[in-house]
Amino acid sequence: MTHSVLFVCLGNICRSPLAEGIFRAHVLERGLAEHFRIDSAGTGSWHAGNPPDPRSVEVAARHGIDISGQRARQVTAEDFGTYDTILAMDRSNLTTLEDRAGSRARNRLRLFLADPAMDVPDPYYGGPGGFDEVFRLIQEGSEKLLDALAHRKPAS
Ligand code: 4NP
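Residue 156 is where the sequence shown starts when you use the numbering used here, and the numbers rise one by one after that.
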């Protein structure tokens, strides 16, 4: 039984690569790796093929997580069938996903920070401090997400 989880932001170079790396680290820590398929993608295609933003690579490395091998890609139509949990990092990207997903896939879409519902702010045009805040928010959200999924059967 495998949970398949896709993290989605706009560019797939700042927030969702961090979410992928942090969530994978939490899954590994708990010895649950064989139960999870994890990836990230962007609603936009501008950065496809690129490594994560150096500021995301740096903040992750400071916390012992290596995300430098990731490469950005755009969300595809197949993703809506492949991933049973698709998590948008903010409401804007959630709306984009809702527009693109067929009605059958809408129930797979969620805001990543659900309780309380809030956006992980886009740090791209801000200073490096924004990445520390993004890391903190994602770390908290990732723990809650894993707690929720580890107790739930995957969608069939
Ligand atoms: P991300 O951040 O969605 O967290 O990867 C962004 C990256 C690039 C751009 C915007 C946000 N951009 O406009 O190129």
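Glycine residues also receive a C-beta, built at the ideal position from the N, C-alpha and C atoms.
Going by C-alpha to C-alpha distance, which of the options sits closest to residue i?
{"i": "Thr265", "options": "Glu253, Pro276 and Arg259", "result": "Reading off the sequence shown, one finds Arg at residue 265, where the question assumed Thr. Taking only the C-alpha atoms, the option nearest Arg265 is Glu253."}
{"i": "Leu304", "options": "Leu173, Arg246 and Ala188", "result": "Ala188"}
{"i": "Thr251", "options": "Thr237, Ala269 and Ala232", "result": "Ala232"}
{"i": "Ser223", "options": "Ala269, Arg210, Phe267 and Pro271", "result": "Arg210"}
{"i": "Gln229", "options": "Ser195, Leu183 and Ser247", "result": "Ser195"}
Ligand 1 heavy atoms versus the CB of residue i: any closer than 7 Å?
{"i": "Asn167", "result": "yes"}
{"i": "Asp194", "result": "no"}
{"i": "Arg170", "result": "yes"}
{"i": "Asp277", "result": "yes"}
{"i": "Gly176", "result": "no"}
Taking the continuous beta strand (DSSP E) assigned at residue i, which residues delimit it?
{"i": "Ser200", "result": "Ser200 -> no beta strand (DSSP E), and no H or E assigned at all."}
{"i": "Ala215", "result": "First-last for Ala215: Pro209 to Arg217, but that is the alpha helix (DSSP H), not the beta strand (DSSP E)."}
{"i": "Thr240", "result": "Thr240 to Ala243"}
Taking residue i as part of the alpha helix (DSSP H), name the residues at either end of that continuous run.
{"i": "Ile177", "result": "Arg170 to Glu184"}
{"i": "Phe235", "result": "Asp234 to Thr237"}
{"i": "Arg265", "result": "Counting along the chain, Arg265 falls outside any alpha helix (DSSP H), though it belongs to the beta strand (DSSP E) covering Leu264 to Leu266."}
**OP:** Report yes or no: do three or more beta-carbon pairs, one from the region 194-207 and one from the region 267-274, lie closer than 8 Å?
**Re:** Because the criterion of three Cβ pairs below 8 Å is not met, the region 194-207 and the region 267-274 do not touch.
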